[in-house]
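Colleague:
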Amino acid sequence: MRRWLDQLAAVADAIRVVRANVVPAIEADTGIPFSRPDLVILALFQPSTRNLFAEIGDHFRGTGACALSDADLERLAGLSDAAAALAWIGDAALKIGVLREIWNPDVRDAGLLTERRKRYESNANMARLCDRWHLYEHRIRLENDTAAGERDHLKGTLVESVYAILFLEGGLARVAEAVHLLRPQGIGE
Numbered sequence: 158m159r160r161w162l163d164q165l166a167a168v169a170d171a172i173r174v175v176r177a178n179v180v181p182a183i184e185a186d187t188g189i190p191f192s193r194p195d196l197v198i199l200a201l202f203q204p205s206t207r208n209l210f211a212e213i214g215d216h217f218r219g220t221g222a223c224a225l226s227d228a229d230l231e232r233l234a235g236l237s238d239a240a241a242a243l244a245w246i247g248d249a250a251l252k253i254g255v256l257r258e259i260w261n262p263d264v265r266d267a268g269l270l271t272e273r274r275k276r277y278e279s280n281a282n283m284a285r286l287c288d289r290w291h292l293y294e295h296r297i298r299l300e301n302d303t304a305a306g307e308r309d310h311l312k313g314t315l316v317e318s319v320y321a322i323l324f325l326e327g328g329l330a331r332v333a334e335a336v337h338l339l340r341p342q343g344i345g346e
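If you count by our numbering, then the sequence shown holds residues 158 to 346, one letter each, in order.
1. My output table needs one value for Phe191: the three-state DSSP class, helix, strand or coil.
2. By Cβ distance below 8 Å, which residues in the same chain neighbour Phe191 in space, the five residues on each side in sequence not counted?
3. Can you tell me where the alpha helix (DSSP H) holding Arg265 begins and where it ends?
4. If we count the other Cβ atoms within 10 Å of its Cβ and call it buried at 16 or more, is Glu346 buried or exposed?
5. Going by DSSP, what residues sit across from Phe217 in a beta bridge?
6. Does the Cβ-Cβ distance between Leu251 and Val168 come in under 8 Å?
7. In terms of DSSP beta bridges, what is Phe202 paired with?
8. By DSSP, does Trp290 sit in helix, in strand, or in coil?
9. If you measure between the beta carbons of Ala281 and Thr187, is that distance less than 8 Å?
10. Helix, strand or coil for Pro181? Go by DSSP, reduced to three states.
11. Throw me the rounded Cβ distance for the Leu201 and Val175 pair, which I believe falls under 8 Å.
12. Grouping DSSP H, G and I as helix and E and B as strand, with all else coil, what is Val174?
13. With burial defined as no fewer than 16 other Cβ atoms inside 10 Å of the residue's Cβ, what is the status of Arg273: buried or exposed?
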């Protein structure tokens, strides 16, 4: 039980830091305030948190001894799945949202557009923005669940989640407003 309390305290502390530091940094950088800043917190939940809530649910299921219902604990155990869904939405939104940045009326080759889009959407490129917003170090996790070789992929996923929130709050126009932050190094202003 002590382990669960310590882990819950760690999650609560991480949420406070995200709310106080990460959300304002993203809002300042994009110039776009979030109407639902808790979605940023959701985006940072990692799979290692699932076991905490699943174990608590298993222990207290049907006893009535936990302040949270079984359904609440199931939802909490699924937060990292919801974060993955945000990343999927962000990936799709970026594919369209980046068009204004990459389009050139003289382009006659779809392959060139694809290459430009890939430069914006590469994990290495998105990792730069992830580092700028300090998303990776503020993931809500209970253990280091990322191998070093997968770090840029996870950083890209975290950035995609933020773009999903922009999309959910303001549509593709909002994504397009903020896509300049992903402009790869070496591409003119």
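Here a beta-carbon is modelled for each residue, glycine too, at the ideal position from N, C-alpha and C.
Modeller: Walking through what the data contain:
1. coil
2. Val180, Ile183, Glu184, Val197, Ile322, Glu326
3. Arg265 -> no alpha helix (DSSP H), and no H or E assigned at all.
4. Confidence in Glu346 is poor, its pLDDT being 47 and thus under 50, which makes the residue's placement unreliable; the coordinate value appears in the next sentence. With fewer than 16 Cβ atoms within 10 Å of its Cβ, Glu346 is classed as exposed.
5. According to DSSP, which records beta bridges pairwise, Phe217 is partnered with nothing at all.
6. no
7. Ile297
8. helix
9. no
10. helix
11. 6 Å
12. helix
13. buried
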